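**Q** Here the sequence shown is numbered in UniProt numbering, starting from 1 and rising by one per residue.
Glycine included, each C-beta is placed from N, C-alpha and C at the ideal position.
Keep in mind that this is a model prediction, so the values were computed, not measured.
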Amino acid sequence: MSSLVEGFSVTHRRYVPHSHAHYGGNLVEGAYSLGLFGDVATELCVRTDGDEGLFAGYESVEFLAPLLAGDVVEATATLTRVGTRSRGVAFEARVVCRATPERGPSAAEVLDPPLVVTRARGTVVVPPRA
């Protein structure tokens with residue numbers, strides 16, 4: 001287990017398949033980012049507490065830019081508060097690569113800086129430490 005310290009973070013990165021396009025223009029629904037946040041929060045809890053933990057709820061969610069099929073997105077969970085059994089977590093989803101179909105059917109580019117698409121704050125609960 002890693003030390004239980006505010007500022008500790010975990011990042012996952014994945015390709016968004018075209019099968020997840022839900023709206024016109026290859027737009028992916030906002031819930032996709034929330035699913036990523038659940039996954040990255042699980043690893044954060046395993047690393048800090050040796051348990052998957054349970055997601056208690058979000059205090060805030062902001063959808064800031066579109067997430068598109070064909071994007072490479074990374075989601076980060078950062079520990080912001082340590083309680084007896086609860087943990088405050090800040091989340092951010094960023095597009096790091098994006099398809100550029102106007103250049104060709106498989107063309108894409110690296111976004112520098114990455115495009116922040118979703119931010120959230122939430123609480124997870126873990127069992128008492130033994």
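1. Counting only runs of 4+ residues fully inside the UniProt domain "HotDog ACOT-type" (6-130), write out the alpha helix (DSSP H) ranges in chain order.
2. Taking 8 Å as the limit between beta carbons, can you name the residues of its chain near A41, skipping five residues before and five after?
3. Would you kindly check if the distance between the Cβ of V10 and the Cβ of R47 is under 8 Å?
4. Just the C-alpha distance for P128 and R85, rounded to the nearest angstrom, thanks.
5. From R103 to L27, what distance separates their C-alpha atoms?
6. Who are the near neighbours of P114 in its chain, counting only those whose CB is closer than 8 Å to its CB and skipping five residues on each side?
7. Cutting at 6 Å between CB atoms, please list the residues of its own chain near D71, excluding the five before and the five after it.
8. Roughly how many whole angstroms lie between the Cα atoms of T80 and V117?
9. Please classify A120 as buried or exposed, where buried requires at least 16 neighbouring CB atoms within 10 angstroms.
10. Taking just the CA atoms, how far does Y23 sit from G83?
**A** Per the coordinate set shown:
1. 31-49
2. Mapped onto the sequence shown, residue 41 falls at position 41. Excluding sequence neighbours, A41 sits near G53, F55, A77, V89, F91, G122 and V124.
3. Start at 1 with the first residue of the sequence shown, and residue 47 comes out as number 47. Start at 1 with the first residue of the sequence shown, and residue 10 comes out as number 10. Result yes, Cβ atoms of R47 and V10 sit closer than 8 Å.
4. Residue 128 sits at position 128 when you count from the first residue of the sequence shown. Residue 85 sits at position 85 when you count from the first residue of the sequence shown. Distance between the alpha carbons of P128 and R85: 6 Å.
5. On the sequence shown, residue 103 is found 103 positions in, with the first residue counted as 1. On the sequence shown, residue 27 is found 27 positions in, with the first residue counted as 1. C-alpha separation (whole angstroms): 19 Å.
6. Here residue 114 is taken as the residue at index 114 of the sequence shown, counted from 1. Closer than 8 Å at Cβ, skipping near neighbours: E74, R94, V95 and V96.
7. As a working note, residue 71 is residue 71 in the sequence shown. Taken in chain order, the residues that qualify are V16, V95 and R98.
8. In the sequence shown, residue 80 corresponds to position 80, counting from 1. In the sequence shown, residue 117 corresponds to position 117, counting from 1. Computed Cα separation, rounded: 20 Å.
9. Against the sequence shown, residue 120 aligns to sequence position 120. Buried, by the Cβ-count rule.
10. In the sequence shown, residue 83 corresponds to position 83, counting from 1. In the sequence shown, residue 23 corresponds to position 23, counting from 1. Those two C-alpha atoms are separated by around 40 Å.
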